[in-house]
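Heads up, the thing below is written out as structure tokens.
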Amino acid sequence: MNVVVVESPAKAKTINKYLGSDYHVVASYGHVRDLPPKDGSVDPDNDFEMLWQVDAKAAKRLNDLAKAVKDADRLILATDPDREGEAISWHVLQVLKEKKALKAQPVQRVVFNAITKQAVLDAMAAPRDIEDHLVDAYRARRALDYLVGFNLSPVLWRKLPGSRSAGRVQSVALRLVCDREAEIERFVAQEYWSVIATLTNPAGEPFDARVSVLDGKRLDRLGIKNETDARAIVDHLNQAAFSAVSVEAKPQKRNPAPPFTTSTLQQEASRKLGFSSARTMQTAQKLYEGIALDGETTGLITYMRTDGVQMAPEGISAIRRLIGKDYAEPYLPEKPRYYATKAKNAQEAHEAIRPTDPFRRPAQMKRYLGDDEFRLYDLIWKRAMASQMESAEFERTTVEIDAKAGAKSIGLRATGSVMLFDGFLSVYMEGVDDQEDDEDGRLPKITQGDRLDRKAVKPSQHFTEPPPRFTEATLIKRMEELGIGRPSTYTATLSTLRDREYVTLDKKRLVPGSKGRIVTAFLESFFERYVEYGFTADLEEKLDAISDGKADWREVLREFWADFSRQIGEVLEVRTAAVLDALNEDLAPLIYPPRPDGSDPRICPVCHQGNLSLKTSRYGAFIGCSNYPECNYTREFGDDPNADPKPSGPQVLGIHPDTGLEIALKSGRFGPYIEMGAAADGEKPARSSLPKGWAPQEVTLEKAIQLLSLPREVGLHPETQDPIQAGLGRYGPYLLYGGKYSKLDSIDEVFEIGLNRAVAMIAERKEGKGFSRTPAALKSLGEHPSGGEVTVREGRYGPYVNHGKVNATLPKGTDPQALTLEEALKLIAERAGKTKAAPKGKAKAASSKSKASGTKAKSAAKSKAAKADGDSLVEDDGETPKAKTASKAKSTGAKSTGAKSAGSKKAAASKSSAASTRRSAASDTPPWED
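Counting in UniProt numbering, the sequence shown runs from 1 upward without gaps.
Here is the structure:
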């Protein structure tokens with residue numbers, strides 16, 4: 001039996017049919033292990049050794065695979081034909097070796113670019129070894145993304161509260177969007193005019209001609225500056241005699257575009273179909289993995305992650321045969337067309353995206369496909385067909401015209417274009433960005449020396465326009481031109497920018513948010529080299545050199561880390577006030593533009609005494625007055641600086657009908673909130689922050705009363721008679737039942753959810769994350785000698801063994817799936833022994849606790865930073881490790897203030913500090929993540 005490993009279960013089922021009963025095809029479901037989200041996963045001090053951890057969901061599949069391989073004759077690794085696919089094969093092989101599942105069986109690597117029977121069988125006939133250079137390139141990229149994300153993001157959290165993350169490619173892509181926005185803001189519209197004369201030839205046929213020569217000089221687009229100049233030209237033309245000075249007709253050819261790469265497919269699907277890059281790739285994945293055609297699953301397109309523009313010979317041959325069959329002979333070029341990519345740093349290891357069989361015409365496939373699949377297949381098919389068709393032919397005619405009045409002449413030009421042969425345009429015309437296809441129309445017959453008659457002269461005013469904001473398509477195109485990122489990273493990068501609220505989509509245009517502008521300004525001020533376009537592209541070239549076997553991956557990491565780690569250390573020493581001063585300076589044209597009255601834009605418009613300054617909170621950046629708290633003036637980053645200032649004091653919404661107390665909308669350091677006046681007995685006033693999505697100006701008395709009434713009792717559970725509550729917490733809306741929380745989708749659900757729906761949610765999620773504080777067991781090891789099950793579980797800080805109330809962390813590098821019961825019992829005994837020994841000796845315990853509190857404070861600081869905003873890092877290759885921080889907190893519990901020798905006081909201080917730390921850490925963790 002031959003065991004074949006592919007990535008997805010859909011492929012496994014299809015390929016098993018192709019190969020027959022002698023093969024057992026299993027799916028890895030993508031990556032099976034990754035860097036654990038904690039310090040030390042990449043160790044620069046140990047020559048960048050990397051600690052890999054098996055994904056909890058993959059553990060069972062790997063165990064099943066290990067069992068299958070033990071009895072197999074051969075292991076065939078057939079994951080995707082790219083660097084990530086090579087890495088998955090390498091990971092699978094490493095895990096099997098660690099499990100000692102392989103004996104003398106041969107291990108082979110095969111790749112196929114399409115999921116068709118012929119492609120799979122051809123690949124099986126040409127196996128090879130795992131390509132070490134590709135694996136090294138993967139490790140280098142993964143280590144770089146880890147080192148940048150896990151070291152740069154904590155600096156952001158400490159210096160810019162409210163910021164979420166920074167990544168190697170993500171930050172550069174964000175800079176592109178922000179730089180374009182700054183360019184738009186700096187843009188000053190410039191007036192210009194055009195003058196167009198409508199003329200007729202001797203046969204009376206009309207056409208338009210534009211003024212092109214004035215005072216003997218050729219005019220550019222902005223040549224006519226104002227209305228006065230335009231009117232003078234009109235007056236001249238209204239008196240002039242027109243004649244054709246020259247008529248020139250030139251043949252022109254338009255060649256077809258090459259077949260799709262990943263980025264050009266995403267760009268064209270955005271322009272023509274309105275698809276986001278994520279939607280495009282999801283749809284393309286379905287077409288690649290296969291569609292059921294008359295009972296057999298068949299891949300309709302070749303592999304969709306590629307930057308190569310060439311097609312395989314068999315693909316070209318099939319397309320040429322179809323062109324010859326479906327179109328007349330002139331549409332088929334004498335020789336096949338071959339293309340070379342223009343993208344910087346492109347790797348042409350894979351062929352372009354094309355139909356696996358062009359004879360499967362879109363019209364024939366429509367009944368098998370969903371709407372998205374059909375539209376994308378139609379686009380891919382037509383582009384591939386057109387790429388091998390004959391060029392379109394045009395005749396472009398240019399007529400130079402003289403308009404003479406007295407001794408003065410003005411030149412005009414008329415142009416027209418006539419299609420002589422449509423060629424590839426009969427199948428496909430490429431879309432364009434930010435402009436219409438302005439193909440000239442046909443001109444009537446005009447001969448040199450013809451006298452032309454004037455019908456009308458029309459002047460038009462225009463203003464230059466700023467460069468357009470990026471769409472997803474144009475941003476991907478620009479990144480590709482600069483050599484930033486790779487086909488497999490574009491979708492993940494764009495998704496991260498939106499998820500982090502660094503950019504938003506407005507009519508399909510990418511608009512940088514306040515968080516994105518602040519982060520970019522910070523990185524440009526303190527990490528300028530690492531967001532430079534050239535530096536990022538050069539680093540990509542080095543990573544590609546690793547793929548080609550021309551560079552050592554560890555040497556590339558050493559070179560990068562030496563400067564980057566030094567820069568991190570220097571920036572950590574910079575005071576936050578200095579950071580804000582730098583950002584105030586860098587963003588001054590945006591946040592402090594000149595005022596209409598000429599007054600100082602940095603003076604507070606309310607108190608006229610304090611200076612305005614950029615401030616940050618966990619909710620993002622804002623502009624505030626230095627005279628706080630005497631002056632409460634604030635404005636959101638991005639608001640109109642010259643708008644009338646909002647009232648700085650509380651805004652009374654009305655009186656609560658039940659309590660008779662006043663309800664006011666207020667603004668605090670963490671944003672707007674609702675507060676009800678204090679009762680006569682001095683009870684603390686009820687208050688509530690505004691939920692996400694509620695604008696302060698939209699809050700009414702009714703909404704405020706709803707907020708203050710939370711938590712709301714939904715009802716009693718019909719089985720247990722325990723109350724079910726809905727409320728709003730620090731991390732958003734939630735449902736509470738039996739002391740356990742679950743996140744609700746929106747604030748509206750808090751007020752609308754009924755008992756039946758709440759009970760159903762509890763039943764649905766009882767085994768899931770939302771209603772389970774204890775992580776599910778990865779593996780049961782057996783019974784403890786004293787009774788009770790011993791299990792391996794996946795915790796927030798890594799895998800651990802559990803018995804009753806005793807949890808023991810696994811040593812670094814231990815595979816949780818390979819752990820034995822004997823090893824687990826030893827760990828549990830050691831942990832239980834430490835727990836029991838702790839209370840002995842008050843003085844020693846106090847000292848020990850005092851020291852431990854320092855460690856706990858550091859740990860809590862890391863935990864708090866890691867959970868800032870409830871977020872985790874998303875790195876540039878699409879992997880999503882949880883966030884960590886390099887920040888360290890000094891322990892207050894480890895110091896004693898005074899020379900008093902009472903050990904109990906030290907212990908009490910230490911306990912207080914540790915308890916405070918635990919509370920702080922707990923308050924920063926959403927209840928559904930416990």
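Backbone N, C-alpha and C define an ideal beta-carbon position, used for all residues, glycine too.
Nearest neighbour of residue i, chosen from the options [CA to CA]
i    : options                : result
G483 : Y339, D235, F463, K542 : K542
R158 : V519, R128, V25        : V519
N642 : K615, Q651, C604       : C604
P9   : K826, V172, R61        : R61
S243 : L425, L412, A588, K408 : L412
D640 : Y23, I591, I663        : I591
Y530 : S547, A545, F560       : F560
P723 : P594, R74, P711, T576  : P711
A328 : A292, K272, E390       : E390
A230 : L821, T474, I301, P459 : P459
A59  : S89, R74, P44, V95     : V95
A203 : I446, P601, W694       : I446
Residue i - containing alpha helix (DSSP H), residue span
i    : result
H656 : Looking at the DSSP string, H656 is not in any alpha helix (DSSP H), and its letter there is neither H nor E.
P154 : 132-159
R517 : 514-526
N584 : 576-586
V120 : 117-124
M365 : 362-365
E98  : 83-98
E675 : E675 -> not in any alpha helix (DSSP H); beta strand (DSSP E) instead, spanning 671-676.
Start and end residues, beta strand (DSSP E) containing residue i
i    : result
K740 : 740-743
G668 : 662-668
K408 : 408-421
S688 : 687-689
D372 : First-last for D372: 371-387, but that is the alpha helix (DSSP H), not the beta strand (DSSP E).
D506 : 503-506
R354 : Run containing R354: none; DSSP gives neither H nor E here.
T809 : 806-809
L75  : 74-77
H803 : 798-803
G715 : 712-716
DSSP beta-bridge partners of residue i
i           : result
T297        : A292
W193        : I224, Q461
N632        : DSSP, once it has assigned bridges, lists no residue as partnering N632.
A403        : F242, I410
E783        : E789
P106        : Beta-bridge pairing links P106 to no other residue.
L510        : L505
K253        : E393
residue 933 : Lying before the first or after the last residue shown, residue 933 is absent from the chain, which here runs from 1 to 930.
R498        : Per DSSP, none; premise fails for R498.
C625        : L612
G795        : G798
P206        : T200
T471        : R509
Presumed contact (8 Å Cβ cut-off) between residue i and residue j, rounded CB distance
i    : j    : result
W193 : H608 : So it is not a contact: roughly 45 Å between Cβ atoms.
K362 : D378 : Per the sequence shown, residue 362 should be read as Pro rather than Lys. Rounded, the Cβ-Cβ distance is 4 Å, consistent with contact.
P444 : E205 : 4 Å
G732 : V177 : The pair is not a contact, with the Cβ atoms about 27 Å apart (cut-off 8 Å).
P718 : V759 : 7 Å
A384 : R360 : Not really, about 12 Å apart at Cβ, beyond 8 Å.
Proximity test, residue i beta-carbon vs the ligand FMN heavy atom, cut-off 8 Å
i    : result
D640 : Ligands in the displayed structure: none, and consequently the ligand FMN is not present.
Checklist entry - Quick one: any contact between the region 207-217 and the region 477-497, if contact means 3 or more CB pairs under 8 Å? => result no
Next on the checklist: Under 8 Å: do the region 450-468 and the region 255-267 share three or more Cβ pairs, one atom per stretch?
Outcome noted: no
Checklist entry - Within the chosen definition, does the region 65-76 reach the region 33-51 through at least 3 CB pairs nearer than 8 Å? => result no
Next on the checklist: Quick test of the definition: if touching needs 3 or more C-beta pairs under 8 Å, does the region 275-286 touch the region 317-328?
Outcome noted: no
Next on the checklist: Would you call the region 418-426 in contact with the region 267-276, where contact means no fewer than 3 C-beta pairs closer than 8 Å?
Outcome noted: no
Checklist entry - Does the pairing of the region 497-511 with the region 171-187 give three or more beta-carbon distances under 8 Å? => result yes
Next on the checklist: If contact is defined by three or more beta carbon pairs under 8 Å, each pair taking one atom from either stretch, is the region 309-324 in contact with the region 14-32?
Outcome noted: no
Checklist entry - Does the region 98-108 come within contact of the region 134-146, defined as at least 3 CB pairs closer than 8 Å? => result no
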